[in-house]
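**Student:** Sharing a structure with you now.
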Amino acid sequence: MFPWIANLFASPSLLWWLGLAGAPLVIHLLHRRKFRETQWAAMKFLLEAARKNSRRLRVEQLLLLLVRTLLILLALMAVAEPLVNRASALFQSGLPVHRIVIIDASASMGATSGDETLFHNARRLARDIVERSRQGDAINLVRLSTLSPRVIVQTPALSAGPVLDEIDRMELSPAPAGLLVGLEEAVPLLRGAPEIRRKEVYLLSDFQRATWDAGAGDASTRLRGVLKKLTDGAELVLIDVGEPGLANAGVNGIESLDPVTIAGRGTRVRVSVRNFSSEALADRELQLLVDDRLVDRRTVNLAAGAETSELFNPVIDGAGEHRIEARLGDDSLPVDNRRWLAVSVKDRLRVLCVNGRGTGRALAKSTDFLALALSPAARGGAVGTTERSILEPTVVNESELASLDLSLFDCVFYCDVKRFTEREATAITTFLKQGGGVIFCAGDQVQAKEYNDVLYKQGAGVLPAKIGERQGDPVRRESIVRFDPGEFGHPLIGAFQGNPDAGLESTVSYAYLATSGIKESGGKVALRFDDGQPAILEKSVGLGKSVLITTSLDDQWSLWPLWPSYVPLIQEIAQFAVAGRAGQRQKTVGDSLEASVPAGIGDTAVEMSHPNGEREKIRPISKNGESRIVFGPAIELGIYEARIPPPSLRTEQFAVNFDSAESNLTKYTPEELREGPLAGIDATLARTALEPASTASESVRPVSGGLTRPILYLLLYLLFVEQALAWNFSAGLWLLCPPLALYLWWRKRSGGVPA
Amino acid sequence: MEAHQKYLDPATLAKLNGLDLKARLIVEGYVSGLHKSPFRGFSIEFAEHREYVAGDDLRYVDWKVFGKSDRIYLKQYEEETNFACWFLVDTSESMTYRSDQAAVSKLEYARYVAAALSYIVLQQQDAVGLATFDRGVRSFVRAATQPAHLKQLCHVMESDGTGSDTALGPILHELAERIKQRGVVVLLSDLFDDVEALMMGLKHLRHRRHEVIVLQIIDPAEQDFPFLDPTLFRGLEGLPELMTEPRALKAAYQREFEQFLSDVRGGCRDLHMDHMVLRTDQPLDLALRTFLSARARRKQGAR
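Just so you know, the protein sequences line up as chains A and B, in that order. Mapping to the numbering used here: the first sequence position 567 is 1849, numbers consecutive. Mapping to the numbering used here: the second sequence position 102 is 103, numbers consecutive.
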């Protein structure tokens, strides 16, 4: 069998039966040997008729023979399943081709099957496609990833060499495929090489569901739109390099359950592991490493599709930046078996308490109860504990505020402060954006209008809500309100859930400040009074948290400081307010890394260390009096570390982790693709085996079936025609070729040769 | 089929022996179907009555009328002069053809027709002559009026074998010269020959003032061409054979054949001759009717 013919069919072995096409001729000849014989008197007329019509008879017989032969050929072709793209390529093989090769470089392509990754296989197939190029062909190369660069060869390359080099250099991305973005960038490439009319787009992918499932919304419409654009001017060939049923489990989450990690104390770290395969996984070791040192290990067993969480409690010594890593044993996709957590460990939290009410009486300052609650052990073991408090309060009066550098503190409580200047408001905003925590507490002296003008700013300021009139009379104490935690939905009060002895719900207040405009400012209510009015509100500002407590923290407006709920809730508020700084440093690959730096460093470069050890300098950007560094997108998994130069001289770490959507290796089958994302798209689906293929023509195997149905329709039609031709040649000719039949009919009418 | 019509069917006649018997059965079958006088319409045909006058031949007195009315009337007839009728029967090889659709060959059919018509003619005391021919004249029987003459005619027709090819034109020229007495000439043939030569021969007969009736005998297969499977046609009269797909050639053949019939029909019409195509699967009364109606028409024309 000629290889070029074999390549046109899915079942080329059936083409050995092509000899059957000669059957009509043989039958015809045999038929002629089997005849009847008769004497004939009117021979003269028969001979004359035969003489006049011999040519027509020959043509008729030839045509009938041709139709019968064609019937057999078509039947064989239909059974042998012709391949559309190969057939068209045969007819157009002499023309130059503009090929756009798109390789899925998403993380899921890193899955291994046998000795090779899917990505390696895709690159090899891409090489095969490129190597098929001949003189005059043009090639573009595109890499599918959310990370740049996507278009690798922008200008159509007229020789295969440079494209092959780029394919060899192409690296797997740890990020998702960014299918839509990648394909949209490939569409304009079709306009390249306008002198070449024949265009082919090859897309090599594992057809992972997470990548190709665009759902039913706008994304689906966009995907269809971009695929249509690709098929408008080109033949789209989708080559499936995926392997069904690959087993994979991955660490899909790691988080610190404590808002603040304190040196020398255990911190709760929760690690989530998920089995993405359809088979159970047993006895997989899960390790926890702190600063690359193994501190704990567990064995996990996972049912198919199940997820489990393991709680670790590592103790980290020494304040500063630390890295925690969860590591799972290797499987078909190693990249999702590691996940990092950047932890800023503190020896204590420095809390500034600003007293707005000056007095000489004991416990008459607005911050007296607060300071006691923040550091109970420091004041002689008010709660009878010997453990050193992690909070270190510093109490200052309002008058000292202007001379204080807020950056020396982690958190600031403003208690019953009358008003703020614009300068103070700016300092507070900067402090918040850098990850600090600010808590505004109510009191008799609070000037609502001043607060609203300077801090609320129609919702654009740092205050979570607009402050209104005081509700209730703290002197006459005629009406009381109590805290109503609702469903304990906010993390601030989560610790009180199921703990009625803490007295949160029985805490009595006599007065509070009414609030409004919460929605406009983007604030959230953490705790309400039982009359529905907010008691504690919070708002994120930059990396930091701004909290507003609408009642006083002393005993002026409530009995709260005397209640058991006071100390724990104050401590929770302080830790919640400072937690923002740590939370903002857990990133996903492709994210940008941002950090505020002191304005004092000027334009001195910040050194950023990559997970692979490389270092690069980043210049801070100053805007609105703030200085920050922006790095990214982060394209490596692991810990990035920014070294901020003096006067700050500190480091900040960022954990860049894998997008767990890529962990699920479930892929579309060709049938599901045709009925799903590719429904109505005129594309050829190809498949390949992972075993080494010697040539592209064997490995890139187009899926059959595109021409079978039309061939069967043609076969049915020719069956009718054959019957008609045998019964009445003219009728058959009308069916087969109406124009020819019409022409012969016209010639007959006008006295030409008889039809 | 009624009993009297049975002998008009060629298939029935084929089972009988003796051509003269067949002739009589044909004629009687035909005449009984008419419910009229067996021999009315010939030269003895009754025309009118006239009163007897002295000297009239008493043989023609209508005694039945005399019995009823006591008056003597004589029966008068239209024509009382004898005429001669010649039957020219083609015995060439092509006339021997018989298809599966027909019970008798064309030659057999021609013999039946010739014998039946001879019987009729002899019954009216007219003379009947016969000529059989193929390439040349094979038998020539002079016209005679005796009823026993029928036996001789039948014997000649039955004893004559079949010949080879035919050449109608020259034969007709020859016969036109040999038949001296003016009369009716009935040609029984498939006429498978050159139409132009045929017409020249027929013209010669007309020139000799014969009244010519052309009874063209064909086999139903020759007109219908019912063949479907590939067939090897072996030509008679020395024509070549032909292997063909009859289905593909049927329409063209039928066009040729109909054209031939049309040419013959047109030629006869031009020569003022009666022409009738007789298919061997048809009853014989058609031939008789044609002959008799042609005769009647001639007589009416003459009067």
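Glycine included, C-beta positions come from ideal geometry on N, C-alpha and C.
Please tell me whether A:Arg-1413 has its Cβ less than 8 Å away from any Cβ of chain B.
**Tutor:** As a working mapping, residue 1413 of chain A is identified with position 131 in the first sequence. The amino acid occupying residue 1413 of chain A in the given sequence is Glu; Arg does not appear at that position. Not an interface residue.
**Student:** Given a cut-off of 8 Å, decide if A:Asn-1530 and A:Phe-1558 are closer than it, judged by their beta-carbon atoms.
**Tutor:** Within the first sequence, residue 1558 of chain A is the residue found at index 276, counting from 1. Within the first sequence, residue 1530 of chain A is the residue found at index 248, counting from 1. Contact: yes.
**Student:** Can you have a look at A:Arg-1425 and say buried or exposed, based on whether 16 or more other CB atoms are within 10 angstroms of its CB?
**Tutor:** Counting from one through the first sequence, the residue named residue 1425 of chain A turns up at place 143. Answer is buried; the Cβ neighbour count reaches 16.
**Student:** How many angstroms separate the CA atom of A:Leu-1352 from the CA atom of B:Leu-243?
**Tutor:** Taking the first sequence and counting its residues from 1, one reaches residue 1352 of chain A at position 70. Taking the second sequence and counting its residues from 1, one reaches residue 243 of chain B at position 242. Near 30 Å, if we compare the C-alpha coordinates of B:Leu-243 and A:Leu-1352.
**Student:** Using a Cβ-Cβ cutoff of 9 Å, what residues of the segment 1319 to 1334 of chain A are near chain B? List them in chain order.
**Tutor:** Result list: Glu-1319, Thr-1320, Gln-1321, Trp-1322, Ala-1323, Ala-1324, Met-1325, Lys-1326, Phe-1327, Leu-1328, Leu-1329, Glu-1330, Ala-1331, Ala-1332, Lys-1334.
**Student:** Taking 6 Å as the limit between beta carbons, can you name the residues of its chain near B:Ser-160, skipping five residues before and five after?
**Tutor:** Reading the second sequence from its first residue, position 159 is the one you call residue 160 of chain B. No residues qualify anywhere along the chain.
**Student:** Report yes if the CB atom of B:Ala-132 is closer than 8 Å to the CB atom of B:Ala-85, and no otherwise.
**Tutor:** Numbered from 1 along the second sequence, position 131 holds the residue referred to as residue 132 of chain B. Numbered from 1 along the second sequence, position 84 holds the residue referred to as residue 85 of chain B. Against a cut-off of 8 Å, the Cβ pair of B:Ala-85 and B:Ala-132 comes out as no contact.
**Student:** Which of the three DSSP states is assigned to A:Thr-1667 in this structure?
**Tutor:** Along the first sequence, one-based indexing puts residue 1667 of chain A at 385. Because A:Thr-1667 carries a pLDDT of 47, less than 50, the predicted location of this residue cannot be relied on, and the following value inherits that uncertainty. A:Thr-1667: coil per DSSP, three-state reduction.
**Student:** Using 8 Å as the Cβ pair cut-off and three pairs as the minimum, do the segment 1947 to 1967 of chain A and the segment 1871 to 1891 of chain A touch?
**Tutor:** With a cut-off of 8 Å, the segment 1871 to 1891 of chain A and the segment 1947 to 1967 of chain A do not count as touching, because too few Cβ pairs lie within range.
**Student:** Output yes or no for whether 8 Å exceeds the beta carbon distance between A:Leu-1346 and A:Leu-2007.
**Tutor:** On the first sequence, residue 1346 of chain A is found 64 positions in, with the first residue counted as 1. On the first sequence, residue 2007 of chain A is found 725 positions in, with the first residue counted as 1. Yes, the pair counts as a contact, with Cβ atoms nearer than the cut-off.
**Student:** Mind checking if A:Leu-1307 is an interface residue toward chain B, Cβ cutoff 8 Å exclusive?
**Tutor:** Position 25 of the first sequence, counting from 1, holds the residue named residue 1307 of chain A. No, no contact with chain B.
**Student:** Between which residues of its own chain and A:Glu-1980 is the CB-CB distance below 6 Å, once the five residues before and five after are set aside?
**Tutor:** Numbered from its first residue, the first sequence carries residue 1980 of chain A at position 698. Note that A:Glu-1980 has pLDDT 36, beneath the 50 cutoff, so the model's placement of it is unreliable and the number below is only indicative. Same-chain partners within the cutoff: there are none.
**Student:** Please check if any C-beta of chain B sits within less than 8 Å of the C-beta of A:Glu-2004.
**Tutor:** For this step, residue 2004 of chain A is matched to residue 722 along the first sequence. It does not; no Cβ of chain B falls within 8 Å.
**Student:** Does A:Tyr-2025 come out as helix, strand or coil in the three-state DSSP assignment?
**Tutor:** Numbered from its first residue, the first sequence carries residue 2025 of chain A at position 743. Reduced to three states, the DSSP call for A:Tyr-2025 is helix.
**Student:** If we ignore side chains and look at the alpha-carbon of each, how far apart do A:Ile-1831 and A:Ile-1852 end up?
**Tutor:** Walking along the first sequence from the start, residue 1831 of chain A turns up at place 549. Walking along the first sequence from the start, residue 1852 of chain A turns up at place 570. In a straight line, the C-alpha of A:Ile-1831 is about 11 Å away from that of A:Ile-1852.
**Student:** Select from B:Phe-134, B:Glu-175, B:Leu-173, B:Gln-182 the residue whose C-alpha is nearest the C-alpha of B:Ala-145.
**Tutor:** For the purposes of this step, residue 145 of chain B is identified with residue 144 of the second sequence, where counting begins at 1. Looking at the Cα atoms, B:Gln-182 is the closest of the given residues.
**Student:** Look up A:Ala-1784 in the DSSP assignment and say whether it is helix, strand or coil.
**Tutor:** The residue you call residue 1784 of chain A lines up with position 502 of the first sequence. Of the three classes helix, strand and coil, the one that applies to A:Ala-1784 here is helix, per DSSP.
**Student:** Under the rule that 16 or more other beta-carbon atoms within 10 Å means buried, what is A:Ser-1395, buried or exposed?
**Tutor:** Here residue 1395 of chain A refers to the residue found at position 113 of the first sequence. A:Ser-1395 is buried by the Cβ-count criterion.
**Student:** Excluding the five sequence neighbours on either side, which residues of its own chain have a C-beta within less than 6 Å of the C-beta of A:Arg-1381, listed in chain order?
**Tutor:** The residue you call residue 1381 of chain A lines up with position 99 of the first sequence. These residues qualify, in order along the chain: Ile-1421, Glu-1482.
**Student:** To the nearest angstrom, how far is the alpha carbon of B:Lys-119 from that of B:Ala-24?
**Tutor:** Within the second sequence, numbered from 1, the residue matching residue 119 of chain B stands at position 118. Within the second sequence, numbered from 1, the residue matching residue 24 of chain B stands at position 23. Note on residue identity: the sequence assigns Ser, not Lys, to residue 119 of chain B. So the two alpha carbons sit approximately 8 Å from each other.
**Student:** Using the beta-carbon of each residue, which ones in chain A are nearer than 7 Å to B:Phe-261?
**Tutor:** Taking the first residue of the second sequence as position 1, residue 261 of chain B is located at position 260. Simply Phe-1327.
**Student:** Considering only the alpha carbon of each residue, which of A:Lys-1801, A:Ile-1434, A:Asp-1613 lies closest to A:Leu-1819?
**Tutor:** Here residue 1819 of chain A refers to the residue found at position 537 when the first sequence is read from its first residue. Checking every option, the nearest Cα to that of A:Leu-1819 belongs to A:Lys-1801.
**Student:** Are the CB atoms of A:Gly-1872 and A:Ala-1457 within a distance shorter than 8 Å?
**Tutor:** Here residue 1457 of chain A is taken as the residue at index 175 of the first sequence, counted from 1. Here residue 1872 of chain A is taken as the residue at index 590 of the first sequence, counted from 1. Their beta carbons are under 8 Å apart, which means A:Ala-1457 touches A:Gly-1872 by this criterion.
**Student:** Could you tell me whether the segment 1757 to 1767 of chain A touches the segment 1808 to 1819 of chain A, where touching means 3 or more Cβ pairs closer than 8 Å?
**Tutor:** Yes: at least three Cβ pairs fall under 8 Å.
**Student:** In chain B, which residues lie with their C-beta within 8 Å of the C-beta of A:Leu-2017?
**Tutor:** In the first sequence, residue 2017 of chain A corresponds to position 735, counting from 1. The premise fails here: A:Leu-2017 is roughly 17 Å from chain B at the closest Cβ pair, so nothing lies under 8 Å.
**Student:** Evaluate contact between the segment 1876 to 1883 of chain A and the segment 1937 to 1949 of chain A, counting only Cβ atoms and requiring at least three cross-stretch pairs below 8 Å.
**Tutor:** Because the criterion of three Cβ pairs below 8 Å is not met, the segment 1876 to 1883 of chain A and the segment 1937 to 1949 of chain A do not touch.
**Student:** When the cut-off is 8 Å and only beta carbons count, does B:Tyr-61 lie next to chain A?
**Tutor:** The count along the second sequence starts at 1 and reaches residue 61 of chain B at position 60. Not an interface residue.
**Student:** If we require 3 or more residues per run, which beta strand (DSSP E) segments fall completely within the segment 1423 to 1503 of chain A?
**Tutor:** If we require 3 residues or more, the beta strand (DSSP E) runs fully inside the segment 1423 to 1503 of chain A come out as 1433 to 1439, 1480 to 1487.
**Student:** With 16 as the cutoff for other CB atoms within 10 Å, does A:Tyr-1696 come out buried or exposed?
**Tutor:** Locating residue 1696 of chain A in the first sequence gives position 414, where the first residue counts as 1. It counts as buried.
**Student:** Just to confirm, is the Cβ distance from A:Leu-2018 to A:Val-2003 under 8 Å?
**Tutor:** Here the question's residue 2018 of chain A lines up with position 736 in the first sequence. Here the question's residue 2003 of chain A lines up with position 721 in the first sequence. Against a cut-off of 8 Å, the Cβ pair of A:Val-2003 and A:Leu-2018 comes out as a contact.
**Student:** Flag this pair as yes or no: are the beta carbons of A:Val-1736 and A:Ala-1707 separated by less than 8 Å?
**Tutor:** Position 454 of the first sequence holds residue 1736 of chain A. Position 425 of the first sequence holds residue 1707 of chain A. Contact flag set, yes.
**Student:** Measure the beta-carbon distance from A:Glu-1680 to A:Gly-1717 and round it to whole angstroms, keeping in mind my assumption that it falls under 8 Å.
**Tutor:** The residue you call residue 1680 of chain A lines up with position 398 of the first sequence. The residue you call residue 1717 of chain A lines up with position 435 of the first sequence. About 24 Å separates the two Cβ atoms, so there is no contact after all.
**Student:** Taking Cβ-Cβ distances shorter than 9 Å, what residues in chain B pair up with A:Leu-1345?
**Tutor:** In the first sequence, counting from the first residue as 1, residue 1345 of chain A sits at position 63. Simply none; closest approach about 12 Å.
**Student:** Measure the Cβ-Cβ separation of B:Leu-272 and B:Gln-217 and say whether it is below 8 Å.
**Tutor:** The residue you call residue 272 of chain B lines up with position 271 of the second sequence. The residue you call residue 217 of chain B lines up with position 216 of the second sequence. Their beta carbons are not under 8 Å apart, which means B:Leu-272 does not touch B:Gln-217 by this criterion.
**Student:** Quick one, are the C-beta atoms of A:Ala-1777 and A:Glu-1854 less than 8 Å apart?
**Tutor:** Within the first sequence, numbered from 1, the residue matching residue 1777 of chain A stands at position 495. Within the first sequence, numbered from 1, the residue matching residue 1854 of chain A stands at position 572. Closer than 8 Å, so yes.
**Student:** Let me know the secondary structure DSSP gives B:Thr-82 once reduced to three states.
**Tutor:** Residue 82 of chain B sits at position 81 when you count from the first residue of the second sequence. Low local confidence applies: a pLDDT of 49 at B:Thr-82 is under 50, so the model's placement there is unreliable, with the coordinate-based value given in what follows. Reduced to three states, the DSSP call for B:Thr-82 is coil.
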